[in-house]
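Engineer:
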Amino acid sequence: MADEHPPLEHVERGLRATRILAIRRLLTDKGVITVAEVDDIIERARERTPADGAKVVARAWVDDAYKARLLTNARSAVAELGYRLSHDAELAVVENTADVHHLVVCTLCSCYPTSLLGPPPDWYKSFAYRQRAVVEPRAVLREFGLALAGRVRVAVVDSTADVRYLVLPRRPSGTENMAEDALAELVTRDSMIGVAAARLPR
Amino acid sequence: MGVALRAGDMVIVRTADVGHHHRTPWFVKGKAGTVRLVHGAFPNPESRAHGGDGLPKRRLCQVEFRQTDVWGKRYRGADADVVLVDMFEHWLERG
Amino acid sequence: MPAVHDRGGLPCDEPIDRAEHEWADWEHVTNALVGVLRRHGLINVDELRRGIEAMAPAEYESASYYERWSASIETLLVEKGILSQAEIDAAAAMLDARWG
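Chains as they are written, first to last, in my numbering: chain C, 1296 to 1497; chain F, 45 to 139; chain S, 153 to 252.
1) So VAL1357 (chain C) and GLU1475 (chain C) are in contact, right, with Cβ under 8 angstroms, and what is the actual spacing, rounded?
2) Rounding to the nearest angstrom, what Cα-Cα distance links LYS75 (chain F) and PRO163 (chain S) in this structure?
3) Where DSSP assigns a beta bridge to GLY77 (chain F), which residues make up the other side?
4) Compute the distance between the beta-carbons of VAL1388 (chain C) and VAL1435 (chain C), then report whether it is under 9 angstroms.
5) Can you give me the C-alpha to C-alpha distance between TYR1407 (chain C) and ASP1324 (chain C), rounded to a whole angstrom?
6) I'd like the span of the beta strand (DSSP E) that includes LEU128 (chain F), first residue to last.
7) Helix, strand or coil for GLY1348 (chain C)? Go by DSSP, reduced to three states.
8) Give the secondary structure of ASP1476 (chain C) by DSSP, where H, G and I count as helix, E and B as strand, and everything else as coil.
9) Let me check understanding here. Comparing Cα to Cα, which of F:PHE86, F:ALA51, F:THR78, F:TRP115 lies closest to LYS101 (chain F)?
10) Does DSSP put ALA1450 (chain C) in a helix, in a strand, or in coil?
11) By the 8 angstroms beta-carbon criterion, what residues does the region 1456-1468 of chain C contribute toward chain F?
12) Measure from the C-beta of THR182 (chain S) to each C-beta in chain C and report whether the shortest distance is under 9 angstroms.
13) Measure from the C-beta of GLY233 (chain S) to each C-beta in chain F and report whether the shortest distance is under 9 angstroms.
14) Excluding sequence positions up to five away, which residues of its chain have a Cβ less than 6 angstroms from the Cβ of SER224 (chain S)?
15) Touch check for the region 1326-1333 of chain C and the region 185-195 of chain S: three-plus C-beta pairs under 8 angstroms?
16) When you compare only the Cα positions, how much space is there between GLY233 (chain S) and GLY95 (chain F)?
17) Less than 9 angstroms separating the beta-carbons of ASN1368 (chain C) and LEU1463 (chain C)?
18) Quick test of your reading: VAL55 (chain F) and GLY139 (chain F), contact by CB under 8 angstroms. State the CB separation rounded to the nearest angstrom.
19) Can you check DSSP and say which residues form a bridge with LEU104 (chain F)?
20) With burial defined as no fewer than 16 other Cβ atoms inside 10 Å of the residue's Cβ, what is the status of PRO1415 (chain C): buried or exposed?
21) Does LEU1380 (chain C) come out as helix, strand or coil in the three-state DSSP assignment?
22) In angstroms with no decimal places, state the Cα-to-Cα distance between PRO1302 (chain C) and PRO1345 (chain C).
23) I'd like to know whether the C-beta atoms of VAL1351 (chain C) and SER1486 (chain C) end up nearer to each other than 9 angstroms.
24) Short of 8 angstroms in beta carbon distance, which residues of its chain neighbour LEU1495 (chain C), apart from the five on each side in sequence? Order them along the chain.
25) Return the CA-CA distance between GLY98 (chain F) and ALA215 (chain S), expressed in angstroms with no decimal places.
26) Mind checking whether LEU1316 (chain C) and LEU247 (chain S) have CB atoms under 9 angstroms apart?
27) Interface residues of chain S around THR1402 (chain C) at Cβ under 8 angstroms?
28) Going by C-alpha distance, which of C:VAL1395, C:VAL1373, C:TYR1460, C:LYS1420 is nearest LEU1403 (chain C)?
29) According to DSSP, is ARG138 (chain F) part of a helix, a strand, or is it coil?
30) How about ARG80 (chain F) and THR68 (chain F): do their beta carbons lie closer than 9 angstroms?
31) Among C:LEU1376, C:LEU1322, C:ASP1417, C:VAL1395, which one has its Cα closest to the Cα of TYR217 (chain S)?
32) At 7 angstroms on the CB atoms, spell out the chain S contacts of ASP1347 (chain C), in chain order.
33) By how many angstroms is the C-alpha of ILE240 (chain S) removed from the C-alpha of ALA1456 (chain C)?
34) Flag this pair as yes or no: are the beta carbons of TRP251 (chain S) and THR1313 (chain C) separated by less than 9 angstroms?
35) Can you say whether HIS1305 (chain C) is buried or exposed, counting buried as having 16 or more other CB atoms within 10 angstroms of its CB?
36) Are the Cβ atoms of THR78 (chain F) and VAL47 (chain F) separated by less than 9 angstroms?
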């Protein structure tokens, strides 16, 4: 049985690494789970990228009715574009405007809209971000290169429960004539977490 | 619980020092806020984390707190800045 | 004192390190195992979090993200009787010996 496991060429040494691989072997050898199931999830996790979230944002930028649906019922709105969320986490979209800027953090763990953005960046899971974002969001934003005017209200979203938050960034000026797919190129992962603005067109 | 909380309701977060798993961050315990919206009902994580079935489901509210109320002088942003936290209704009392 | 996972607003003077690391194979496996075990109804995300929060504070703080997940998976599988501590120890020792 053991020989059916794919070779691990880049084994990272360490107590936990060894133990989790031992656990995988035991669970598959006992038939609790299959190797194929594990590999399938690994493969799917690799496929998810922020490009999915960017397409949702671009559609909201060009279609006001879609944006309204996205802000009130995100699950069904993203389903219109073919994105199915996992059954056990809801999605909510918060809109950044000239008056309010949202940024998202999970102070308790690492909740993140993985279905649309892929896995979170390492910094999102770091103690520094989890500790600082909620108490000094303006300093954190400056560190990420975003200086907000004092009149812009900052709203930190701490995603503590069953809802994952996606930020709808502001549409950059000078993009009035751009097509939806070109607009999607301007939507970065960080702008959908709320630590950055969308890219400016070249 | 009495009448279900609705958007606009003023609330105060309970300060219970529970020993089990829960999803209420320390920095809002005892703080006053305003319900912004109700997401709906979700299984109770305090039950599910410890082998329970999560029932009855609990309503999950998005509560807005003023940053200056939460952090006092430590907060160096604008007075209008807020933090939005999703909170299960059994952690909230009417304020 | 907030529990060790309850990090919001704890004092921190460090800048946010934005360097990304590429996931090692075992991190992919850890992430995927949670998905598979959830799909089979053997663990849920609330239990996973509870297992992470049960780590000794010093261990929680020194562990990497997926080390914490890995520790919790082990805790839960043993607690639920799906695997025994002894067989995990033995299997890990065998892998260690093979990779020498």
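Quick reminder that beta carbons are idealized off the backbone N, C-alpha and C, glycines included.
Structural biologist: Result, derived from the coordinates:
1) VAL1357 (chain C) to GLU1475 (chain C), Cβ: 5 angstroms. Contact.
2) Here the alpha carbons of PRO163 (chain S) and LYS75 (chain F) stand approximately 20 angstroms from one another.
3) In DSSP, GLY77 (chain F) forms a bridge with F:VAL55.
4) The beta carbons of VAL1388 (chain C) and VAL1435 (chain C) sit no closer together than 9 angstroms.
5) Between the alpha carbons of TYR1407 (chain C) and ASP1324 (chain C) lies a distance of about 33 angstroms.
6) First-last of the beta strand (DSSP E) with LEU128 (chain F): 126-132.
7) GLY1348 (chain C): helix per DSSP, three-state reduction.
8) Helix.
9) Across the set F:PHE86, F:ALA51, F:THR78, F:TRP115, the C-alpha of F:PHE86 shows the shortest separation from the C-alpha of LYS101 (chain F).
10) In the structure shown, ALA1450 (chain C) sits in a strand (DSSP, three-state: E or B).
11) Within the region 1456-1468 of chain C, contact with chain F at the beta-carbon level (separation under 8 angstroms) is assigned to ALA1456, ASP1457, VAL1458.
12) Yes, its Cβ sits closer than 9 angstroms to a Cβ of chain C.
13) Answer no: the Cβ-Cβ gap between GLY233 (chain S) and chain F never drops below 9 angstroms.
14) So the list reads LEU200, GLY203, ILE204, once near-sequence residues are dropped.
15) By the Cβ test, the region 1326-1333 of chain C is in contact with the region 185-195 of chain S, since at least three Cβ pairs between them sit closer than 8 angstroms.
16) When rounded, the distance between both Cα atoms is 13 angstroms.
17) In this structure, LEU1463 (chain C) does not lie closer than 9 angstroms to ASN1368 (chain C) by Cβ.
18) The Cβ separation is near 5 angstroms, so the contact holds.
19) Note: LEU104 (chain F) is bridge-paired with F:GLY84, F:PHE132 in the DSSP secondary-structure output.
20) For PRO1415 (chain C), the number of other beta carbons within 10 angstroms of its own is at least 16, and it is reported as buried.
21) In this structure, LEU1380 (chain C) counts as coil in the three-state DSSP scheme.
22) Residue placement at PRO1302 (chain C) is poorly supported in this model, since its pLDDT is 45, which falls under 50; the coordinates are not used for a value here.
23) No, the Cβ-Cβ distance between VAL1351 (chain C) and SER1486 (chain C) is not below 9 angstroms.
24) Result list for LEU1495 (chain C): PRO1467, GLY1469, LEU1481, in chain order.
25) Going from the Cα of GLY98 (chain F) to the Cα of ALA215 (chain S) covers about 29 angstroms.
26) Closer than 9 angstroms, so yes.
27) THR1402 (chain C) reaches chain S at ASP158, ARG159, GLY160, GLY161, counting residues in chain order whose Cβ is nearer than 8 angstroms.
28) It is C:LYS1420 whose Cα lies nearest to the Cα of LEU1403 (chain C).
29) Here DSSP, grouped into helix, strand and coil, assigns ARG138 (chain F) to strand.
30) Contact: no.
31) Shortest Cα-Cα distance from TYR217 (chain S) to any of C:LEU1376, C:LEU1322, C:ASP1417, C:VAL1395 involves C:ASP1417.
32) Under the 7 angstroms cutoff, chain S gives no residues; its nearest Cβ is about 18 angstroms from ASP1347 (chain C).
33) Each residue's alpha carbon lies about 32 angstroms from the other.
34) Yes, the pair counts as a contact, with Cβ atoms nearer than the cut-off.
35) Any reading at HIS1305 (chain C) must be qualified, since the residue scores a pLDDT of 41, below 50, and its modelled position is unreliable; the value itself is stated next. Counting every other CB atom within 10 Å of its CB across the protein chains shown gives HIS1305 (chain C) a total below 16, marking it as exposed.
36) Not in contact: THR78 (chain F) and VAL47 (chain F) (Cβ atoms no closer than 9 angstroms).
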